[in-house]
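Okay, structure first, notes after.
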Amino acid sequence: MTLSSYIKAAMRQAKFEMLPDGSIYGHIEGFEGVWASARTITACRRELQEVLEEWMLFRLKHNLPLPIVAEIDLNKIAV
């Protein structure tokens, strides 16, 4: 169980939609505040993963729980 496995599993749950202006909006349900918007789905996916990684680091630094994803529970790992 690694951080990269967790990130990949979370990104598999990402939802994307096209906005009226043609840009792409992406978010991951259960990850409050983790969202991105970009001109292409590739750019949106890349930005969303960066936001997810920063969000995870913030939560780990402040000892806040992370959602369990694909049976991966990072809350049980000692930091």
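For the sequence shown, our numbering assigns the number 42 to the initial residue and increments by one for each residue that follows. Even for Gly, the Cβ is constructed at its ideal location relative to N, Cα and C.
- request: Tell me whether Ser78 sits in a helix, a strand or coil according to DSSP, three-state version.
  value: Sequence index remark: in the sequence shown, residue 78 carries index 37 (1-based). DSSP places Ser78 in strand when its eight states are reduced to three.
field: C-alpha gap between Trp76 and Trp96, whole angstroms
entry: Position 35 of the sequence shown, counted from the first residue, corresponds to residue 76. Position 55 of the sequence shown, counted from the first residue, corresponds to residue 96. Trp76 and Trp96: Cα-Cα distance of roughly 10 Å.
- prompt: Ordered along the chain, which non-local residues of its own chain (more than five positions away) have a Cβ less than 6 Å from that of Cys85?
  reply: In the sequence shown, the residue the question calls residue 85 occupies position 44. Its chain contains Ile65, Gly67, Ala77 and Ala79 as the residues whose beta carbon lies nearer than 6 Å to that of Cys85, once the 5 sequence neighbours on both sides are disregarded; these appear in chain order.
- prompt: Where does Leu60 land, buried or exposed, given buried means 16+ other C-beta within 10 angstroms?
  reply: One-based indexing of the sequence shown puts residue 60 at position 19. Exposed, because fewer than 16 other Cβ atoms sit within 10 Å of the Cβ of Leu60.
query: For the putative contact between Ile69 and Leu44, defined by C-beta atoms under 8 Å, what is the C-beta separation to the nearest angstrom?
result: Indexing the sequence shown from 1 puts residue 69 at position 28. Indexing the sequence shown from 1 puts residue 44 at position 3. With 8 Å as the limit, Ile69 and Leu44 do not qualify as a contact, their Cβ atoms being about 15 Å apart.
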